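Mapping of the sequence shown onto our numbering: residues 481 to 902, in sequence order.
Notes to accompany the following structure.
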Amino acid sequence: KYFELKRNNNELKILSILKNIPSSEWKDLFKAWYYRSVLLNYEENSEIGFNKSDKKLQQLSELHQELKTQQLKQIKHIWNKNRTDKISSFTHNFNALYNLRKNKTFGRRNSLRKIVETDLDLFTTLFPVILTNPSAVNSIFPLQQGLFEIVIFDEASQLRISDTFTSLIRGQYKIIAGDKHQMPPSNYFQSNAEVLEDDDDEGENENTFTEKDEQTAFAESESLLEYAETFDKNNKIINKSHLDFHYRSEHPALIEFSNHAFYGGNLISFPSREVYKPIDFRAVNGRYETRTNPSEIAEIIKIIQEEIHPDQKGKYPSLGIATFNINQRNLIIETLNIVAEKDQIFAQKLQMLREKGLFVKNLENIQGDERDIIIISTTYGIKPDGKFSQNFARLDRIEGYKLLNVLITRAKKKLFVCTSIP
């Protein structure tokens, strides 16, 4: 139907092959063959040539790496030249100022403040990149507008305007990085602490956090990120860019809920390199008493004993344990030590995990952390009297979802959820 056959050897071979293929697939097969022939013919006749191997791609990669190496050498060369020129023109005793030698001009040991006051230009030439916090900036560097070419603020959702504004004006260009769906400054969740702590004897409608309290807390803890967003609405001098790719989760399921619940599904996650179960849900159904849940702690111990293993090289994954309140956190730490005292094998594993950065934290203190494996103890559950109070303390706040978002996105490889919430 699609072509006339001239019965030569090649066509007979084709016919013999087509006999073994359903006729319904002949059309697609012909299209695939036709497009391949067109592509090969086009590439072979092009001046660029048709690359049938990865050789040129490898050459390009090698050239790119060489460019990076040469660029680094050039940066170091310029930096060293600038340092040499500055030091040679320095009118004071350099070794004495930088505590390399003592003399009468400078004291036994000069403070960083003294070094900066003597010659800021030399200091920033020696150290062009300075990692510090707003409080240190205020105490060490002069209050001068545009003192630095670039000032970068990280975790801006947790920075208060009152703490960072003087650092902000010290930069000619400001880069503010943060996530409005993560936690605001820490005092936001510390305000009115007596209201926020859950009480075993309270009713569902008692000690409610009013809208007025919410507004007061918000006013007291406006973040640098919120300031930048407000400023952006009224001015056109801010360039805003969003993070498109989610880099932490090694399995897309670990970020899927937050991506759709908080980020509008805009985050692009990478596919997993292996097939496994990224989220392990454990319905513990333990009792919630004196703001702790011992049954969930027992499940955590079981997970560590049975699920946490070293890889083929004998290296353990990093592990973090997160809870919904500080009482549960303290009891977990205590229980880990008690089990380790009785079980030498568990003690050795615990020590290895601690060397890999094991932490036990309540949800208010976990932002910025990430581990290969995270175990969450939701803590709350039915009380001894059989009642379940839907009072989740700080999570009940209007901004409480930010705590939840931070909590459930800490895992890089796997997440265990131990819960007693009915």
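Glycine residues also receive a C-beta, built at the ideal position from the N, C-alpha and C atoms.
These numbers come from a predicted model, not from an experiment.
Reducing DSSP to helix, strand and coil, say where residue i ends up.
| i | result |
| --- | --- |
| A657 | coil |
| S615 | helix |
| H722 | coil |
| F742 | coil |
| D760 | strand |
| V755 | coil |
| Q554 | helix |
| K793 | coil |
| F737 | helix |
| V819 | helix |
| I813 | helix |
| S503 | helix |
| Q625 | coil |
| I846 | coil |
| S703 | strand |
Nearest CA to the CA of residue i: which residue from the options?
| i | options | result |
| --- | --- | --- |
| T595 | S619, S615, I788, L833 | In the sequence as displayed, the identity of residue 595 is Ile instead of Thr. Looking at the Cα atoms, S619 is the closest of the given residues. |
| N885 | F742, L520, W506 | F742 |
| G861 | K822, N817, F804 | F804 |
| K795 | N845, K836, T772 | K836 |
Can you give me the start and stop residues for the beta strand (DSSP E) that residue i sits inside?
| i | result |
| --- | --- |
| S857 | 851 to 861 |
| G975 | There is simply no residue 975 to check, as the chain begins at 481 and stops at 902 in what is shown. |
| T605 | From DSSP, T605 is part of no beta strand (DSSP E) but of the alpha helix (DSSP H) over 600 to 606. |
| T899 | 891 to 900 |
| F628 | 628 to 633 |
| N842 | 839 to 842 |
Which term fits residue i, buried or exposed, when burial requires 16 or more other beta carbons within 10 angstroms of its beta carbon?
| i | result |
| --- | --- |
| D659 | buried |
| T899 | buried |
| A891 | buried |
| I888 | buried |
| S729 | buried |
| T564 | exposed |
| H731 | buried |
| A745 | Here residue 745 is Gly; the residue named in the question, Ala, does not match the sequence. With fewer than 16 Cβ atoms within 10 Å of its Cβ, G745 is classed as exposed. |
For the alpha helix (DSSP H) holding residue i, just list the boundary residues, first then last.
| i | result |
| --- | --- |
| I780 | 774 to 786 |
| L830 | 824 to 835 |
| V518 | 506 to 525 |
| N490 | 489 to 498 |
| F921 | In the structure as shown, the chain starts at 481 and stops at 902, and residue 921 therefore has no counterpart that could be examined. |
| Y768 | First-last for Y768: undefined, no H or E at that position. |
| F645 | 641 to 649 |
| V886 | 880 to 887 |
Under 7 Å Cβ to Cβ from residue i, same chain only, skipping five residues before and after it: list those, please.
| i | result |
| --- | --- |
| E677 | Here E677 scores only 43 on pLDDT, less than 50, and its place in the model should not be relied on; the value that follows carries that caveat. Excluding positions up to five away in sequence, the list reads A873. |
| K654 | V631, L648 |
Might you give, ordered along the chain, the residues of its own chain that have their beta carbon closer than 6 Å to the beta carbon of residue i, omitting 5 neighbours on each side?
| i | result |
| --- | --- |
| A827 | A820 |
| I856 | A802, V897 |
| F839 | G800 |
Does any residue of chain D have a CB that is nearer than 7 Å to the CB of residue i?
| i | result |
| --- | --- |
| K829 | The structure shown has no chain D; it contains just one protein chain. |
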